[in-house]
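In what follows, a structure is listed as structure tokens, so that the remarks can point back to it.
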Amino acid sequence: MKFSHQLQFNAVPDWTEYYLPYSNLKKLVYTIERERIAGADRRPSWDIEHNPSERTALISDEQEGGEDNGRFVAALQTSLDKIVKFYIKKENELYGLADQLLIDMDDYRHKTNPDEIVSTQQQPLNRSHESLPRRESFVEGRDSDMPPTVISQNVHDSDPEQLHPEQPAWTDTNELKRRTVDLFVLLSELKSFVALNQTAFAKILKKYDKITQSNLKRFYIAQHVAPAYPFRIQTKQKLNDRIQQTERLYAALATDNDLDLAIGDLKTHLREHIVWERNMVWRDMIGQERKTQTVGLEPSKPLTAHTPCGTLTVTRDQILTAFFLAASVAIFAVLLQVDLFGDIAQNRCFAILVFASIMWAAEVMPLFVTAMLVPFLIIVLRVMRDADERLSAPAATKAVFAAMFSPVIMLLLGGFSIAGALSKYGIAKAMATFVLSKAGTQPNRVLIVNMFVATIASMWISNVAAPVLCFSLIQPILRTLPVDSTFGSCLILGIALASNLGGMASPISSPQNVIAIQNMDPPPSWGQWFFASIPLCIVGNLIIWLWLLWNYRPEKHTPQIHAIRASSDPITFTQVYVVFVTLTTIVLWCLAHTYEDIFGDMGVIAILPLIAFFGTGLLTKDDFNNFLWNVIMLAMGGIALGKAVESSGLLHTIAAHIEDAVGGLSVFQILFVFSCLVLVMATFISHTVAALIVLPIVAEVGARLEDPRPRLLVMGIAFMCSAAMGLPVSGFPNMNAISQENELGRPYLSTKDFLRNGVPSSVFTMICVTTLGYGLMTIMGY
Numbered sequence: 001m002k003f004s005h006q007l008q009f010n011a012v013p014d015w016t017e018y019y020l021p022y023s024n025l026k027k028l029v030y031t032i033e034r035e036r037i038a039g040a041d042r043r044p045s046w047d048i049e050h051n052p053s054e055r056t057a058l059i060s061d062e063q064e065g066g067e068d069n070g071r072f073v074a075a076l077q078t079s080l081d082k083i084v085k086f087y088i089k090k091e092n093e094l095y096g097l098a099d100q101l102l103i104d105m106d107d108y109r110h111k112t113n114p115d116e117i118v119s120t121q122q123q124p125l126n127r128s129h130e131s132l133p134r135r136e137s138f139v140e141g142r143d144s145d146m147p148p149t150v151i152s153q154n155v156h157d158s159d160p161e162q163l164h165p166e167q168p169a170w171t172d173t174n175e176l177k178r179r180t181v182d183l184f185v186l187l188s189e190l191k192s193f194v195a196l197n198q199t200a201f202a203k204i205l206k207k208y209d210k211i212t213q214s215n216l217k218r219f220y221i222a223q224h225v226a227p228a229y230p231f232r233i234q235t236k237q238k239l240n241d242r243i244q245q246t247e248r249l250y251a252a253l254a255t256d257n258d259l260d261l262a263i264g265d266l267k268t269h270l271r272e273h274i275v276w277e278r279n280m281v282w283r284d285m286i287g288q289e290r291k292t293q294t295v296g297l298e299p300s301k302p303l304t305a306h307t308p309c310g311t312l313t314v315t316r317d318q319i320l321t322a323f324f325l326a327a328s329v330a331i332f333a334v335l336l337q338v339d340l341f342g343d344i345a346q347n348r349c350f351a352i353l354v355f356a357s358i359m360w361a362a363e364v365m366p367l368f369v370t371a372m373l374v375p376f377l378i379i380v381l382r383v384m385r386d387a388d389e390r391l392s393a394p395a396a397t398k399a400v401f402a403a404m405f406s407p408v409i410m411l412l413l414g415g416f417s418i419a420g421a422l423s424k425y426g427i428a429k430a431m432a433t434f435v436l437s438k439a440g441t442q443p444n445r446v447l448i449v450n451m452f453v454a455t456i457a458s459m460w461i462s463n464v465a466a467p468v469l470c471f472s473l474i475q476p477i478l479r480t481l482p483v484d485s486t487f488g489s490c491l492i493l494g495i496a497l498a499s500n501l502g503g504m505a506s507p508i509s510s511p512q513n514v515i516a517i518q519n520m521d522p523p524p525s526w527g528q529w530f531f532a533s534i535p536l537c538i539v540g541n542l543i544i545w546l547w548l549l550w551n552y553r554p555e556k557h558t559p560q561i562h563a564i565r566a567s568s569d570p571i572t573f574t575q576v577y578v579v580f581v582t583l584t585t586i587v588l589w590c591l592a593h594t595y596e597d598i599f600g601d602m603g604v605i606a607i608l609p610l611i612a613f614f615g616t617g618l619l620t621k622d623d624f625n626n627f628l629w630n631v632i633m634l635a636m637g638g639i640a641l642g643k644a645v646e647s648s649g650l651l652h653t654i655a656a657h658i659e660d661a662v663g664g665l666s667v668f669q670i671l672f673v674f675s676c677l678v679l680v681m682a683t684f685i686s687h688t689v690a691a692l693i694v695l696p697i698v699a700e701v702g703a704r705l706e707d708p709r710p711r712l713l714v715m716g717i718a719f720m721c722s723a724a725m726g727l728p729v730s731g732f733p734n735m736n737a738i739s740q741e742n743e744l745g746r747p748y749l750s751t752k753d754f755l756r757n758g759v760p761s762s763v764f765t766m767i768c769v770t771t772l773g774y775g776l777m778t779i780m781g782y
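Numbering (full-length UniProt numbering), first residue to last: 1 to 782.
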């Protein structure tokens, strides 16, 4: 195995950026070799910028290749400084944890057996049966040459409050054992960090000397690497002492002071942790290779049939695909010939709607391919109308494509740019580790926490951009799950459904809410909206959470998720800039309707992060090419279908018939009937289009009642537009969810997952809206 792969495979995943950049340095070596052969001019800026005194010493030591040595040493010094700073920070952090662990252990033993701790402090330490070491040893045993940043505050025995806090952080022996094991693993990883980097320096210098015919390794190792703080003999010995003291502490806690048994247990924990980390690294490497080579896996076993023309090989999936394709084409052809609505445009639009729905539901073709077929059929069949006349093909083309690139698509691009910047510069990872470190390791808790995060995010940045951000937050979890775990699918689906619920949470969280407010006179205040929407979101999330737990049973397949530690990396100026642009965009989205005369639409505001990130070079054209363009094309096809349904008059015809049918019913009954109608409509077409067609009719029906209640009906139906989440095309959160793939190229979700979970969730939400929502809106006087 090449050392670059060995380094990547054995590195601690969370510390990857702090290892010696072996591959980059190797490229620099080859660059220097090419320049030597070609006789290219050297750039002295490397030498001047990076400690010219060191370069002078090197040139005096190595007369030939002085410029190349200085250039290479400059790169090495940058990496060495980064390694030293990181090691000092981690050492300070881990030694502080060790000191606190010993304090808590002394307190615990003093409370349970005051005499025992005195006797243990008086016993000598040995390798067979040793007692708990005194906590002072960790503080007093530090070398005097340790950097000041590493030395933590001493613990004074004279401070009784510090020695015996009223509410200690620990709870029992099991908690202390867990902390001891975690500390042992972290200290062992830090020891491995030092060893790997020391080997990396030796390897890259050996390669440099071999290629450039130099003798730099002897000089640089002796003058720079060996004296560096992490590689000093005293520093390594101190780290070994800490590891041994942790072993003795675990022996006192878990094995009745049997040190050999304790070491065996701790090494077992360490091996399990390393296996988990290497599995994560392996998946990352496979994912990178798959993206480069476009490698996929075909799980289906082929079936072979011998024919006169040769052997035909097909799979079960191919047979099912051919069947559904033939069925959808046959149904489409029949519907084109049947006159259901008395209007050719409406008949053909209905045929396209049914055909596209079957193709999407059966996944006959990739979803975005079917979406691209929709505008083709709309234009060729002349479905679009202007007043009572059907548009010609040229006019329909302009209308369809103008609708497809709508402000919503721009909003989607803006959300992708924000998500890309948050991910590229480690902000999403920091947010994820912080949230997940608070969520614990139980799958049910992690699921509900992420669902509420998605709902809250949808309240303020719309349920279009929120799931994009939330899916980036859960990547550390998805990468660490076993291959056969169902929790990945459960978690992604939970975020998608929660984001749909978030679409009803605030007046700005989805376009259908804005349309509802326009049809309410007087319009509701934000407080009135929250009074009805927040309880619905909370109850709906809890019901969907219980349904997902019952359906997927994630704890059966994944009893515990590996604990994720919160990131403690320092904040950079670039991260501050990315966060500033993101927050500014979110605030402008919140205030978009206030400044509608300036911006026009939230989609225009979405241009700002694109300019701010791509214009400054923080995101590149490669990042732009990596956007989820299949999701964008799927959304554009759905918008085109919604435009055709509206333009042809099909939905208006259906809604008008229902208006006549509900005459004489009570408000509750009308709310239930229209909720069922909208639930079906918004499942297959855009939530916004459904709101555009139905809400004016609902407002008119409510105003004609003996006891006029138009605002209750409009708000309730607006909630139901967001509750439609039964198919992958039922809203942008579902479209984002269906596109999520693991490192092997397999999608986490299929249409079956949405049918089994999205449809029941839609029904549960409809029941909540027509019961709890009806009661809350009645209390408000609607």
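Using N, Cα and C, we set each Cβ at its ideal position, and we do this for glycine too.
- For valine 464, the secondary structure class from DSSP, reduced to helix, strand or coil, is helix.
- With contacts defined as CB atoms closer than 8 Å, asparagine 541 and alanine 498 qualify as a contacting pair.
- Inter-residue distance for isoleucine 427 and threonine 455 is about 20 Å (C-alpha atoms, whole angstroms).
- Uninterrupted alpha helix (DSSP H) stretches at least 4 residues long and entirely within the segment 541 to 623 occur at 554 to 557, 573 to 590, 596 to 599, 602 to 605 and 607 to 614, given in chain order.
- Only residues of its own chain outside the window of five on either side were considered, and among them Thr770 and Tyr774 have a CB closer than 8 Å to the CB of phenylalanine 668, listed in chain order.
- In the structure shown, arginine 242 falls within a helical segment according to DSSP collapsed to helix, strand and coil.
- Valine 12 is positioned such that its CB atom lies closer than 8 Å to that of phenylalanine 193.
- For the 8 Å CB-CB criterion, leucine 536 and phenylalanine 719 form a contact.
- Using a Cβ distance threshold of 8 Å, alanine 723 and serine 762 count as a contacting pair.
- Boundaries of the alpha helix (DSSP H) harbouring tyrosine 208: 173 to 212, taken from the DSSP string.
- If the five residues before and after valine 587 are omitted, its C-beta is found closer than 6 Å to no C-beta atom of its own chain.
- Rounded to the nearest whole angstrom, the CA to CA distance from leucine 705 to phenylalanine 350 is 31 Å.
- For the pair threonine 558 and proline 482, the CB atoms are nearer than the 8 Å cut-off.
- Listed in chain order, the non-local C-beta contacts of alanine 682 below 6 Å within the same chain comprise Ala690, Cys721 and Ala724, local neighbours out to five positions each way being set aside.
- Of the residues Ile263, Asn174, Ile32 and Lys217, the one whose Cα lies closest to the Cα of valine 185 is Ile263.
- Remark: fewer than three beta-carbon pairs, one from each stretch, lie closer than 8 Å, so the segment 96 to 106 and the segment 228 to 235 are not flagged as touching.
- With 16 or more other CB atoms across the displayed protein chains lying within 10 angstroms of its CB, cysteine 470 is buried.
- Taking a C-beta distance under 8 Å as the contact criterion, proline 467 and asparagine 736 qualify as a contact pair.
- Burial of tryptophan 529 is indicated by the presence of at least 16 other C-beta atoms within 10 angstroms of its C-beta.
- Residues Leu335, Leu336, Val338, Asp339, Leu340 and Phe341 of the same chain have their beta carbon placed closer than 8 Å to that of asparagine 347, with the five preceding and five following residues left out of the count.
- In this structure, the alpha-carbon of alanine 251 lies about 28 Å from that of isoleucine 88.
- For aspartate 386, the pairing in a beta bridge is given by DSSP as Glu389.
- Cβ atoms of tyrosine 220 and serine 214 stay farther apart than 8 Å, at about 10 Å.
- Excluding five sequence positions before and after leucine 610, the CB atoms of its chain that fall closer than 8 Å to its own CB belong to Leu413, Gly414 and Ser417, given in chain order.
- DSSP lists Pro747 as the beta-bridge partner residues of glutamate 741.
- By the Cβ-count criterion, lysine 217 is buried, with 16 or more other Cβ atoms from all chains shown falling within 10 Å of its own Cβ.
- A straight-line Cα-Cα distance of about 56 Å links valine 680 and threonine 173.
- For cysteine 309, no alpha helix (DSSP H) segment is defined, and its DSSP state is neither H nor E.
- The beta carbon of leucine 377 sits closer than 7 Å to those of Ile352, all from its chain and outside the five residues before and after it, given in chain order.
- Annotated three-state conformation of phenylalanine 323 is helix, per DSSP.
- In the three-state scheme derived from DSSP, where H, G and I count as helix and E and B as strand, isoleucine 685 is classed as coil.
- Looking at the backbone, the Cα of serine 686 and that of valine 464 are separated by about 12 Å.
- If you check the CB distance, threonine 180 and leucine 249 come in under 8 Å.
- Take the alpha-carbon of leucine 641 and the one of valine 374: they are about 7 Å apart.
- In the three-state scheme derived from DSSP, where H, G and I count as helix and E and B as strand, alanine 421 is classed as helix.
- C-alpha of proline 760 to C-alpha of leucine 776: approximately 23 Å in a straight line.
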